[in-house]
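Under numbering that gives the first Met the number 0, the first residue of the sequence shown is numbered 0, with each subsequent residue one higher. Taking it in order: structure first as structure tokens, then the write-up.
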Amino acid sequence: MTSDWIDEEYNPQTRFNSLQDFEPEFWKKKPLDKLSRAEWELLCDGCGKCCLNKIQIRKQIKFTDTCCRFLDCNSCLCKIYPHRFEKVPDCRDITLAAVREKPRWLPKTCAYWLLDNGFDLPTWHPLITGRADSVHEAGQSLKGRPVVSETGVEDFENHLVDWEDL
Ligand code: SF4
Ligand code: SF4
0 MTSDWIDEEY NPQTRFNSLQ DFEPEFWKKK PLDKLSRAEW ELLCDGCGKC CLNKIQIRKQ
60 IKFTDTCCRF LDCNSCLCKI YPHRFEKVPD CRDITLAAVR EKPRWLPKTC AYWLLDNGFD
120 LPTWHPLITG RADSVHEAGQ SLKGRPVVSE TGVEDFENHL VDWEDL
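In structure tokens form, the structure reads like this:
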């Protein structure tokens, strides 16, 4: 469906309802470049933090408290997920090359970045808990944070934030 709004029927939990069909702890058994598409997608914790706007200052990426206008800050879901690359030219596909880009532009808690850098998934990750909401309950997503939509923001430098999980 082509829409600027999240399909109201979509429930993020559906991604984690068939975990029994996957090899237990597959992320510990295969390198990231050997994961199937479905396994790769399951690694995303749904935090929404990669949809914050960022500025590169000298050689560092600095995050702001402004987010893409298509992010629903309550659910942390993209409102246009199937069409995101057509509508937002700087929306990034999360590929292994993107995960390895320097300077780092994904948050420190991003599952892809963690695994690629030798860390395990955090205890609140939906693949560990089996529940999509655990990322929000642990305070690790954008839900409940003072984030504003980029629409109308004139100077992103006034919106820099230094949250410890970015
Ligand atoms: S930061 Fe990483 S884990 Fe969080 S939503 Fe983006 S890709 Fe998924
Ligand atoms: S278009 Fe891209 S950056 Fe914007 S909310 Fe969707 S996934 Fe995030």
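C-beta atoms are modelled at their ideal positions from N, C-alpha and C, and glycine is treated no differently. The model shown is predicted, which means the values in this text are computed figures rather than measured ones.
Where residue i falls: helix, strand or coil (DSSP)
i: residue 1; result: Because the pLDDT at residue 1 is just 43, under 50, the model does not fix this residue reliably, and the point stays unresolved.
i: residue 8; result: coil
i: residue 65; result: strand
i: residue 134; result: helix
i: residue 19; result: helix
i: residue 54; result: strand
i: residue 98; result: helix
i: residue 77; result: strand
i: residue 126; result: helix
i: residue 159; result: strand
i: residue 115; result: helix
i: residue 71; result: strand
i: residue 153; result: coil
i: residue 43; result: coil
i: residue 91; result: coil
i: residue 13; result: helix
i: residue 31; result: helix
i: residue 86; result: helix
i: residue 225; result: Lying outside 0 to 165, the shown extent of the chain, residue 225 is not represented and no answer is given.
Beta-carbon spacing of residue i, residue j below 7 Å
i: residue 99; j: residue 90; result: no
i: residue 44; j: residue 134; result: yes
i: residue 68; j: residue 150; result: yes
i: residue 148; j: residue 46; result: no
i: residue 168; j: residue 95; result: With the chain covering only 0 through 165, there is no way to say anything about residue 168.
i: residue 114; j: residue 39; result: no
i: residue 42; j: residue 110; result: yes
i: residue 23; j: residue 131; result: no
i: residue 165; j: residue 62; result: yes
i: residue 152; j: residue 66; result: no
i: residue 75; j: residue 33; result: no
i: residue 64; j: residue 124; result: no
According to DSSP, residues forming a beta bridge with residue i
i: residue 148; result: 66
i: residue 60; result: 55
message = Tell me which residues pass a beta-carbon proximity test against ligand 1: closer than 6 Å to any heavy atom, given in chain order.
response = 43, 44, 45, 46, 47, 48, 49, 93, 105, 106, 109, 110, 111
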